[in-house]
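Residue numbers (the working numbering): 794 to 1064.
Glycine is no exception: its CB is placed at the ideal position from the N, C-alpha and C atoms.
Structure record follows, encoded as structure tokens.
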Amino acid sequence: MSDEIASPTSVATAGTPGRGAAPQTGRGFGVDIGGSGVKGAPVDLATGELLDERYRIPTPQPATPEAVAEAVAEVCAHFEWTGPLGCTVPAVVTSGVARSAANIDKSWIGTDVEALLRKATGASAVAAVNDADAAGVAEVAYGAAKGRGGVVIVLTLGTGIGSALVVDGVLVPNTELGHLEIDGHDAEKRAADSAREREDLSWKDWAARLDRYLKHVEMLFSPSLFVLGGGVSKKSEKFLPLLSLDTPVIPAELRNNAGIAGAALLAAGRG
């Protein structure tokens, strides 16, 4: 596989021929559904930069599909947006349908997210995507992994471990690599940033756990690059030098805007 891809915005999704195959230009729109907030903004599809300040409203409680759809509609209405909409969901999403639910109501499981949001927002098209996948797409298109080919793995280290696998610009969705079993444990239970905080681990002790996890992923996928995101990426100098991988490891760049930018880019191919 090559070390570079032809265009920083030529990100496609596996199983969707032609989607994202050419560089995207103009404006897109992304919404990021989180456990505490629903936020969105218009996006410059050439650069990934937000074209206006993010509009954020608290995630409804309980976070049922209908309640959250109303919140997404409010975000879209704030910007008077009715074009293609990209929306992240903290869930596995296949063919527009949520197959799991994390930090949102369990009634999301089995919900046709794209149909729900089209009806609620009046958007011309909707692309629903796993939140970690959207962040990964953005880092490859606009951020830390811009222009890198081969197998790029973006991991978000927070309450759990989210993952995005991008191969020569093509997203392989819903990898859920945080749930790999390592030494008899769900990997994210021991190597997520929440484990460091919960167990009051030193950076050295936590880095040893993270290193063990990353080496396992490295063995399985032989990636050309790891990109580590999540809030802890702001303190990468405290743990990256303690890792002993053969694969380069770098911190993410887009942070809180990654989900919005990635969702907007993926939706642009639907419009």
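Segment contact, 8 Å Cβ cut-off, at least three pairs: the region 936-950 with the region 903-914: no
Neighbour-count burial assignment, G833, 16 or more Cβ in a 10 Å radius: G833 should be labelled buried.
Contiguous beta strand (DSSP E) assignments of at least 3 residues, all confined to the region 906-944: 919-923
Residue interval of the alpha helix (DSSP H) (run including P835): That residue, P835, is in no alpha helix (DSSP H); its beta strand (DSSP E) goes 830-837.
E974 - DSSP class collapsed to helix/strand/coil: strand
V824 versus A957, E867, G879, S1015, residue with shortest Cα-Cα distance: G879
At least 3 beta-carbon pairs within less than 8 Å: the region 1005-1020 vs the region 868-887: No, the region 1005-1020 is not in contact with the region 868-887.
Beta carbon of I1043 nearer than 7 Å to that of A937: yes
Residue closest to D986, alpha-carbon to alpha-carbon, out of W901, S1026, A931: S1026
Status (buried if at least 16 other CB within 10 Å, exposed otherwise) for S888: That one is exposed.
Sequence-distant residues of the same chain with beta carbon closer than 7 Å to T857, five excluded per side: Taken in chain order, the residues that qualify are D898, S900.
Per-residue burial, P877 [other beta carbons within 10 Å of its own, 16 or more giving buried]: buried
Three-state secondary structure (DSSP) of R983: R983: helix per DSSP, three-state reduction.
Rounded C-alpha distance that separates A815 from V965: Confidence in A815 is poor, its pLDDT being 40 and thus under 50, which makes the residue's placement unreliable; the coordinate value appears in the next sentence. Their backbone Cα atoms lie some 18 Å apart in a straight line.
Endpoints, the beta strand (DSSP E) within which D961 is located: First-last for D961: undefined, no H or E at that position.
Inter-residue spacing [alpha-carbon to alpha-carbon] between G1023 and A1045: Those two C-alpha atoms are separated by around 8 Å.
Beta-carbon proximity check, A921 vs V865, cutoff 7 Å: no
Near the ligand FAD: F872 beta-carbon under 6 Å from a heavy atom: For the structure depicted, the ligand FAD is absent and the ligand set is empty, with no information on it obtainable.
Any C-beta of chain D under 7 Å from that of S956: The displayed structure is made up of one protein chain only, and chain D is not part of it.
Distance, G830 Cα to L1033 Cα: In a straight line, the C-alpha of L1033 is about 30 Å away from that of G830.
Three-state secondary structure (DSSP) of V886: strand
Bounding residues of the alpha helix (DSSP H) (the contiguous stretch that carries G1055): 1051-1061
Member of T875, A862, G929, V963 whose CA lies at the smallest distance from the CA of E969: Taking only the C-alpha atoms, the option nearest E969 is G929.
For T1040 and H1009, the rounded distance between their alpha carbons: 12 Å
Where the beta strand (DSSP E) containing V1020 begins and where it ends: Where V1020 is concerned, the enclosing beta strand (DSSP E) stretches over 1018-1022.
CA-to-CA distance, R991 to G951, given in whole angstroms: If you take the alpha carbons of G951 and R991, they lie about 12 Å apart.
Cut-off 8 Å between Cβ atoms - residues of its own chain near S956, not counting five sequence neighbours on either side: A925, G929, I946, V947, L948, T949, T968, E969, L970, G971
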